[in-house]
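Enquirer: Structure provided below as structure tokens; questions to follow.
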Amino acid sequence: MALDTVASAKTSPETKQPFLELGLKEDEYARVREILGRRPTSSELAMYSVMWSEHCSYKSSKTHLKQFGDKAVKTDALLVGIGENAGVVDVGQGYAVTFKIESHNHPSFIEPYQGAATGVGGIVRDILTMGARPIAVMDPLRFGPAEAADTRRVLPGVIAGVGGYGNCLGLPNIGGEVTFDETYAGNPLVNALCIGVMKHSDIKLAKAAGAGNLVVLYGAKTGGDGIGGVSVLASETFGASGPAKRPSVQVGDPFVEKVLIECSLEIFAADLVVGIQDLGGAGLSCATSELASGGTGGMSVELDRVPLRDPSLSPEEILMSESQERMCAIVEPKNIDQFLAICKKWDVTATVIGEVTTGDRLQITWHGELIVDVPPRTVAHEGPVYQRPFAEPAYIKQVNSEKVVVPMPITDAEIKAAVLKLAGTPNLADKSWVTAQYDKYVQGNTIQAQPDDSGMVRVDESTHLGVAVATDANANWSYLNPYEGVKLALAEAARNIATAGAQPLAVSNCLNFGSPEDPGVMWQFAETVRGLADGCLEMGLPVTGGNVSFYNQTGSTAILPTPVIAVLGVIDDVRTRTPMSFDRAGLDLYLLGETGEDFAGSEWAFIHGQRGGQAPQSDLQAAMRLNALLVAGRTEKIFTAAHDLSQGGLSATLTEMVLRHDVGATVKLNNPALDLLSETPGRVVVAIDSSKKDALLTQAKKAQIVCTQIGTTGGDSLTINDCVIPLNELRIAHTETFPRLFG
Amino acid sequence: MAKIVVDVMLKPEILDPQGTAVGAALPRLGFTFAKSVRQGKRFEIEIEGEATPEQLAQVEKAAETLLANPVIETFTIRVEK
Amino acid sequence: MAKIVVDVMLKPEILDPQGTAVGAALPRLGFTFAKSVRQGKRFEIEIEGEATPEQLAQVEKAAETLLANPVIETFTIRVEK
Amino acid sequence: MKVGVVTFPGTLDDRDAARAVRFAGGQAISLWHGDEDLQGVDAVILPGGFSYGDYLRCGAISRFAPVMQSIIKRANEGMPLLGICNGFQVLCEAHLLPGALTRNHELHFLCRDQKISIENITSAWTSAYTQGQEIVIPLKNGEGSFQCDDATLASLENDGRIIARYVGENPNGSRNLIAGITNARGNVVGLMPHPEHAIDALTGPTADGLGFFTSVLQAMVGK
Ligand SMILES: Nc1ncnc2c1ncn2[C@@H]1O[C@H](COP(=O)(O)OP(=O)(O)O)[C@@H](O)[C@H]1O
Ligand SMILES: [Mg+2]
Numbered sequence: 001m002a003l004d005t006v007a008s009a010k011t012s013p014e015t016k017q018p019f020l021e022l023g024l025k026e027d028e029y030a031r032v033r034e035i036l037g038r039r040p041t042s043s044e045l046a047m048y049s050v051m052w053s054e055h056c057s058y059k060s061s062k063t064h065l066k067q068f069g070d071k072a073v074k075t076d077a078l079l080v081g082i083g084e085n086a087g088v089v090d091v092g093q094g095y096a097v098t099f100k101i102e103s104h105n106h107p108s109f110i111e112p113y114q115g116a117a118t119g120v121g122g123i124v125r126d127i128l129t130m131g132a133r134p135i136a137v138m139d140p141l142r143f144g145p146a147e148a149a150d151t152r153r154v155l156p157g158v159i160a161g162v163g164g165y166g167n168c169l170g171l172p173n174i175g176g177e178v179t180f181d182e183t184y185a186g187n188p189l190v191n192a193l194c195i196g197v198m199k200h201s202d203i204k205l206a207k208a209a210g211a212g213n214l215v216v217l218y219g220a221k222t223g224g225d226g227i228g229g230v231s232v233l234a235s236e237t238f239g240a241s242g243p244a245k246r247p248s249v250q251v252g253d254p255f256v257e258k259v260l261i262e263c264s265l266e267i268f269a270a271d272l273v274v275g276i277q278d279l280g281g282a283g284l285s286c287a288t289s290e291l292a293s294g295g296t297g298g299m300s301v302e303l304d305r306v307p308l309r310d311p312s313l314s315p316e317e318i319l320m321s322e323s324q325e326r327m328c329a330i331v332e333p334k335n336i337d338q339f340l341a342i343c344k345k346w347d348v349t350a351t352v353i354g355e356v357t358t359g360d361r362l363q364i365t366w367h368g369e370l371i372v373d374v375p376p377r378t379v380a381h382e383g384p385v386y387q388r389p390f391a392e393p394a395y396i397k398q399v400n401s402e403k404v405v406v407p408m409p410i411t412d413a414e415i416k417a418a419v420l421k422l423a424g425t426p427n428l429a430d431k432s433w434v435t436a437q438y439d440k441y442v443q444g445n446t447i448q449a450q451p452d453d454s455g456m457v458r459v460d461e462s463t464h465l466g467v468a469v470a471t472d473a474n475a476n477w478s479y480l481n482p483y484e485g486v487k488l489a490l491a492e493a494a495r496n497i498a499t500a501g502a503q504p505l506a507v508s509n510c511l512n513f514g515s516p517e518d519p520g521v522m523w524q525f526a527e528t529v530r531g532l533a534d535g536c537l538e539m540g541l542p543v544t545g546g547n548v549s550f551y552n553q554t555g556s557t558a559i560l561p562t563p564v565i566a567v568l569g570v571i572d573d574v575r576t577r578t579p580m581s582f583d584r585a586g587l588d589l590y591l592l593g594e595t596g597e598d599f600a601g602s603e604w605a606f607i608h609g610q611r612g613g614q615a616p617q618s619d620l621q622a623a624m625r626l627n628a629l630l631v632a633g634r635t636e637k638i639f640t641a642a643h644d645l646s647q648g649g650l651s652a653t654l655t656e657m658v659l660r661h662d663v664g665a666t667v668k669l670n671n672p673a674l675d676l677l678s679e680t681p682g683r684v685v686v687a688i689d690s691s692k693k694d695a696l697l698t699q700a701k702k703a704q705i706v707c708t709q710i711g712t713t714g715g716d717s718l719t720i721n722d723c724v725i726p727l728n729e730l731r732i733a734h735t736e737t738f739p740r741l742f743g
Numbered sequence: 001m002a003k004i005v006v007d008v009m010l011k012p013e014i015l016d017p018q019g020t021a022v023g024a025a026l027p028r029l030g031f032t033f034a035k036s037v038r039q040g041k042r043f044e045i046e047i048e049g050e051a052t053p054e055q056l057a058q059v060e061k062a063a064e065t066l067l068a069n070p071v072i073e074t075f076t077i078r079v080e081k
Numbered sequence: 001m002a003k004i005v006v007d008v009m010l011k012p013e014i015l016d017p018q019g020t021a022v023g024a025a026l027p028r029l030g031f032t033f034a035k036s037v038r039q040g041k042r043f044e045i046e047i048e049g050e051a052t053p054e055q056l057a058q059v060e061k062a063a064e065t066l067l068a069n070p071v072i073e074t075f076t077i078r079v080e081k
Numbered sequence: 001m002k003v004g005v006v007t008f009p010g011t012l013d014d015r016d017a018a019r020a021v022r023f024a025g026g027q028a029i030s031l032w033h034g035d036e037d038l039q040g041v042d043a044v045i046l047p048g049g050f051s052y053g054d055y056l057r058c059g060a061i062s063r064f065a066p067v068m069q070s071i072i073k074r075a076n077e078g079m080p081l082l083g084i085c086n087g088f089q090v091l092c093e094a095h096l097l098p099g100a101l102t103r104n105h106e107l108h109f110l111c112r113d114q115k116i117s118i119e120n121i122t123s124a125w126t127s128a129y130t131q132g133q134e135i136v137i138p139l140k141n142g143e144g145s146f147q148c149d150d151a152t153l154a155s156l157e158n159d160g161r162i163i164a165r166y167v168g169e170n171p172n173g174s175r176n177l178i179a180g181i182t183n184a185r186g187n188v189v190g191l192m193p194h195p196e197h198a199i200d201a202l203t204g205p206t207a208d209g210l211g212f213f214t215s216v217l218q219a220m221v222g223k
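Residue numbers (the UniProt record's numbering), protein chains in the order written: chain A, 1 to 743; chain B, 1 to 81; chain C, 1 to 81; chain D, 1 to 223.
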């Protein structure tokens with residue numbers, strides 16, 4: 001095929017272009033022509049089509065996501081907000097922390113290992129791009145039914161991929177989720193989160209400023225990976241294969257990324273970059289247009305300088321390639337030698353491919369011929385915005401009016417059976433089979449990881465400053481009521497931070513939904529964003545960024561609305577954190593918070609095939625008072641242990657506590673079935689030395705949190721009234737599930 | 001008893017980090033003969049009796065479903081003496 | 001341009017967990033043909049020009065020092081068309 | 001007391017190993033894989049990680065790094081040398097220690113708190129322990145199964161060159177539950193589990209691993 005240049009585009013306005021195949025709509029294509037005042041060249045078409053895809057442009061979600069700005073919490077803690085690669089939060093002592101969560105759902109279904117691995121690789125580069133050293137990862141995951149044959153294909157591959165990549169990068173995995181539901185069959189959710197730390201002064205931004213500064217591409221060579229991947233990923237044509245011989249699956253090279261991280265950090269330390277951007281979805285199209293758009297606007301690039309792994313690639317393909325482990329930096333000419341020397345030291349390929357110009361055009365040439373000449377903002381930041389129709393779907397009224405009918409265990413035998421059932425059900429069973437494949441020790445700063453409520457890492461070895469992160473989603477509640485569901489997930493994630501005594505500080509999110517073209521799904525999405533924005537405002541937590549994944553559906557069946565909420569917290573001294581469980585007998589156990597009849601969306605209802613009812617109402621004021629109580633309990637050294645109640649209610653919480661250090665407990669419950677199985681939000685079990693009783697009651701009163709003694713620790717069983725469950729029986733039930741299913 | 005060999009290689013357009021690493025290490029050790037290196041897997045399967053066409057068809061099926069991932073890999077099958 | 005293939009297999013007396021796992025997985029998928037499975041590595045090396053005896057001697061040396069670990073592995077070299 | 005800690009491309013636990021040296025009271029000197037100069041160190045640690053991505057075989061490519069040539073020479077002269085995890089793999093590939101480390105029998109990467117017993121307290125790296133002492137330190141690797149031929153195994157056993165053994169269930173299929181071995185002279189030790197991640201109960205399962213580092217400092221003072 002002849003090279004399509006700007007000159008030829010001007011002289012052949014009538015040329016037919018495959019914009020539909022590339023995912024652009026009729027009117028979008030017309031807009032491109034209008035912007036350019038001519039038809040786009042094929043390279044320009046490639047750029048607009050990938051950059052205006054759902055995945056890159058957020059065209060369906062943008063109009064809703066605005067609320068995070070409109071309802072933003074005023075806080076000095078937010079150093080960099082939404083819009084950059086990742087938000088940055090001040091955690092004190094001159095340190096800044098950045099964290100972000102992203103999805104890699106569709107690729108992980110096609111090729112579980114590589115899909116998950118490159119998901120981790122991508123989010124780590126986002127964090128690195130901010131100037132931060134990545135310090136930990138987390139992986140909230142969702143799969144089809146645990147017993148399904150395809151889950152046995154997908155899950156082990158995903159776990160091995162998350163571990164294979166993260167372990168090789170030397171990033172401790174400090175938490176995540178593994179949840180099963182039939183709607184995720186064919187649509188597994190692979191979300192990956194990374195946390196990074198830097199000094200305030202080291203923050204880097206994606207902008208190409210200063211005419212004459214050089215554009216440097218460094219890292220792996222460019223191959224034909226994932227060409228068309230971006231538009232295919234987030235468009236209705238998912239499943240249709242792209243151009244022949246061009247893989248839609250990328251293979252990651254974690255070793256190259258590890259070297260890229262160390263090389264980049266050395267470059268940052270020497271202060272050699274003006275701006276920087278990682279190459280992720282939409283590859284060079286995205287990096288060049290975003291850098292130019294974020295700067296003064298002008299940039300020229302000689303595309304033929306890009307080092308190629310596959311010499312047969314066309315310029316369009318080079319622009320769209322999603323080859324992993326690449327970065328793009330803006331470097332002042334006086335620093336370029338030092339920049340290249342550091343790359344050489346680390347054996348990283350680095351090439352000057354262009355420079356920042358005074359104009360306001362992004363111009364790309366191929367062997368001297370102009371093939372792209374566009375205003376970069378129109379590519380990167382001024383894509384289409386859709387006002388998609390949304391309406392409450394019919395199922396809502398129907399399921400909300402359903403009565404939840406579940407068996408209530410009465411006899412000791414029934415209670416024991418219920419506790420064992422929950423302990424071993426795939427959603428609540430011990431996840432060690434998964435987490436044993438992840439390195440949690442590397443870097444030597446991990447304070448908490450699986451099975452703790454949150455992951456916690458030390459940031460400073462001398463002061464013991466630390467950060468904690470928890471991720472939560474409750475898709476069952478979001479299904480019943482997306483507005484309340486996401487608020488409840490937010491409250492839960494914040495509580496999972498606070499149980500350790502850390503102070504919640506900021507929020508990131510990954511919103512996984514079905515097709516935005518379905519008004520019902522769009523309504524779920526709109527309600528979720530509204531709920532999250534309201535919730536964050538009420539809790540005083542800024543949203544620092546996030547990610548939207550649409551089109552998670554098979555045919556007309558969408559996944560449950562699954563907003564994964566990540567909360568970051570700070571703790572001034574990790575040595576004083578409250579652990580999740582007790583390691584000795586003779587402590588008193590208290591339940592903080594009240595238990596109501598909340599079975600809708602509970603694990604107990606799920607086990608019994610019940611999906612209906614009404615989700616609980618969130619009470620974020622109470623949630624904040626409880627969090628304050630948990631933080632105070634830590635600083636005043638009241639608690640020996642604290643563990644949150646969520647899926648599986650008190651039954652699951654007690655199971656996890658007694659098994660942690662093999663120390664049993666005896667509890668007395670007035671209404672064991674309700675007390676054990678209901679999932680009323682906003683509750684925590686704490687263990688205290690009896691000498692701390694008054695201090696606890698005083699604090700609880702101050703926080704207006706109901707506080708009830710439920711039992712004591714000790715023995716080799718979990719005893720509930722007269723029902724005795726030996727720890728070894730409980731342990732077997734809890735730990736055998738994953739090895740049985742996936743071992 | 002026959003031996004069937006299944007060779008599984010990454011498709012040529014797919015990045016091969018292992019082969020690349022080996023290809024980079026060779027010249028450092030003074031071996032300059034390689035223009036490129038690709039690394040794959042080799043399965044040696046021993047079967048009872050002769051390799052009948054039916055058996056080979058089975059192996060083909062197994063290679064497709066288990067031994068190789070057709071999304072990123074190709075395979076070849078042959079009988080070895 | 002010629003292609004040289006180096007096959008590396010674990011010595012028979014060395015435990016091969018990968019081959020064993022494949023051997024165990026096959027019957028679970030209904031494939032009953034395999035008596036035993038061993039898994040090894042295959043390197044495809046492209047060289048400039050013909051595979052001369054000198055080149056092959058070099059490859060042999062590279063296989064011995066780098067591609068295979070003689071403590072646990074054996075290798076074979078051949079030229080492929 | 002200067003202990004060198006080597007960084008190969010892909011090394012991960014170098015900072016942890018350096019921290020462990022400092023915790024034990026020594027001075028950690030970082031050594032770059034491309035430099036032959038050992039900067040006058042008295043002992044060297046090859047830390048864990050995925051040097052060169054662990055592609056080909058773990059440790060197979062690193063073994064040829066310039067720094068290794070100096071280290072091999074000094075080790076043959078008696079300098080204390082500890083290879084942890086990937087470092088152990090490098091030592092086997094470099095033939096400073098016999099045998100090889102192969103895929104875990106379950107084929108997964110395995111990270112867990114592992115009980116081991118110290119079986120030889122005469123090496124440069126284990127004198128701080130008591131014979132048969134049981135300690136818990138992290139084990140984390142994908143290829144930690146120690147394999148060697150019967151003759152080698154017999155000589156390791158007979159000469160007391162097994163430094164540490166896994167206690168309880170075999171985590172990875174290692175022959176005779178071997179977690180670590182030493183050379184005949186006792187200065188070169190390879191260990192699969194990670195003592196540097198167990199120097200402080202805050203960040204590790206225990207502080208049981210510190211003994212490896214205090215041992216070597218002791219050994220050097222003794223000289
Ligand atoms: N995929 C995973 N990766 C890492 N850790 C995980 C993963 N799945 C679950 N975990 C960890 O297991 C523990 C229990 O998970 P879960 O029951 O979902 O916690 P919670 O109900 O408190 O949110 C937590 O420490 C969680 O971080
Ligand atoms: Mg929790």
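The C-beta atom is built at its ideal place from N, Cα and C for all residues, glycine as well.
A quick note: this is a predicted structure, and the numbers were derived from the prediction, not measured.
(1) What does C/L26 reach in chain D if we use C-beta pairs closer than 7 Å?
(2) Quick one: Cα of A/V158 to Cα of A/A146, how far?
(3) Counting Cβ pairs closer than 8 Å, one from the segment 263 to 274 of chain A and one from the segment 199 to 212 of chain A, do we hit at least three?
(4) For ligand 4, I want to know if D/C58 counts as a neighbour, meaning its beta carbon is within less than 7 Å of at least one of the ligand's heavy atoms.
(5) Just the C-alpha distance for A/S61 and A/N509, rounded to the nearest angstrom, thanks.
(6) Are the segment 473 to 484 of chain A and the segment 612 to 620 of chain A touching, with three or more C-beta to C-beta distances below 8 Å?
(7) Can you pull the chain D neighbours of A/D588, defined as C-beta to C-beta under 8 Å?
(8) Return yes when the Cβ of B/A51 is within less than 8 Å of the Cβ of B/A21, no when it is not.
(9) Return the CA-CA distance between A/S300 and A/T735, expressed in angstroms with no decimal places.
(10) Where does A/P426 land, buried or exposed, given buried means 16+ other C-beta within 10 angstroms?
(11) Would you please state the rounded distance, in angstroms, between the beta carbons of A/A687 and A/F639? I believe it to be under 8 Å.
(12) Please confirm whether D/H105 has its beta-carbon closer than 8 Å to some beta-carbon of chain C.
(13) So is D/T182 buried or exposed if we call it buried at 16+ other beta carbons inside 10 Å?
(14) Apart from the five residues on each side of it in sequence, which residues of its chain come closer than 6 Å, Cβ to Cβ, to A/E236?
(15) Under 8 Å Cβ-Cβ, which residues of chain A neighbour B/E64?
(16) Could you check whether the segment 190 to 199 of chain D touches the segment 134 to 142 of chain D, counting it as contact only if at least three pairs of C-beta atoms, one from each stretch, sit closer than 8 Å?
(17) Would you verify that the beta carbon of C/I47 is, or is not, closer than 8 Å to some beta carbon of chain B?
(18) Could you pull the DSSP bridge partners for A/Y590 from this structure?
Expert: Working from what's here:
(1) By one-based count along the third sequence, residue 26 of chain C stands at place 26. The premise fails here: C/L26 is roughly 15 Å from chain D at the closest Cβ pair, so nothing lies under 7 Å.
(2) Within the first sequence, numbered from 1, the residue matching residue 158 of chain A stands at position 158. Within the first sequence, numbered from 1, the residue matching residue 146 of chain A stands at position 146. Each residue's alpha carbon lies about 14 Å from the other.
(3) yes
(4) Ligands in the displayed structure: ligand 1 and ligand 2; ligand 4 is not one of them.
(5) Stepping through the first sequence from its first residue, residue 61 of chain A is reached at position 61. Stepping through the first sequence from its first residue, residue 509 of chain A is reached at position 509. Each residue's alpha carbon lies about 13 Å from the other.
(6) In this structure the segment 473 to 484 of chain A lies against the segment 612 to 620 of chain A, because at least three pairs of beta carbons, one per stretch, are closer than 8 Å.
(7) Looking up residue 588 of chain A in the first sequence gives position 588. Those within 8 Å of A/D588 in chain D number zero; the least Cβ separation is about 25 Å.
(8) The residue given as residue 21 of chain B occupies position 21 in the second sequence. The residue given as residue 51 of chain B occupies position 51 in the second sequence. It is not a contact, given that the beta carbons lie outside the stated cut-off.
(9) In the first sequence, counting from the first residue as 1, residue 300 of chain A sits at position 300. In the first sequence, counting from the first residue as 1, residue 735 of chain A sits at position 735. Roughly 58 Å between the two C-alpha positions.
(10) Translated into positions along the first sequence, residue 426 of chain A becomes position 426. Flag for A/P426 reads buried.
(11) As a first step, residue 687 of chain A is located in the first sequence; it is residue number 687 there, counting from the start. As a first step, residue 639 of chain A is located in the first sequence; it is residue number 639 there, counting from the start. Indeed they touch by this definition, with Cβ atoms about 7 Å apart.
(12) Here residue 105 of chain D is taken as the residue at index 105 of the fourth sequence, counted from 1. Output row for D/H105: interface = yes.
(13) Residue numbering aside, residue 182 of chain D sits at position 182 when the fourth sequence is read from its first letter. D/T182 is buried by the Cβ-count criterion.
(14) Taking the first sequence and counting its residues from 1, one reaches residue 236 of chain A at position 236. The predicted position of A/E236 is uncertain, since its pLDDT is 34 and thus under 50; a value taken from the coordinates is nonetheless stated next. Contacts found: none.
(15) Within the second sequence, residue 64 of chain B is the residue found at index 64, counting from 1. Correct list: empty, because the minimum Cβ distance to chain A is about 14 Å.
(16) yes
(17) Mapped onto the third sequence, residue 47 of chain C falls at position 47. C/I47 counts as touching chain B.
(18) On the first sequence, position 590 is the one that residue 590 of chain A refers to. Paired residues: A/V686 and A/Q709.
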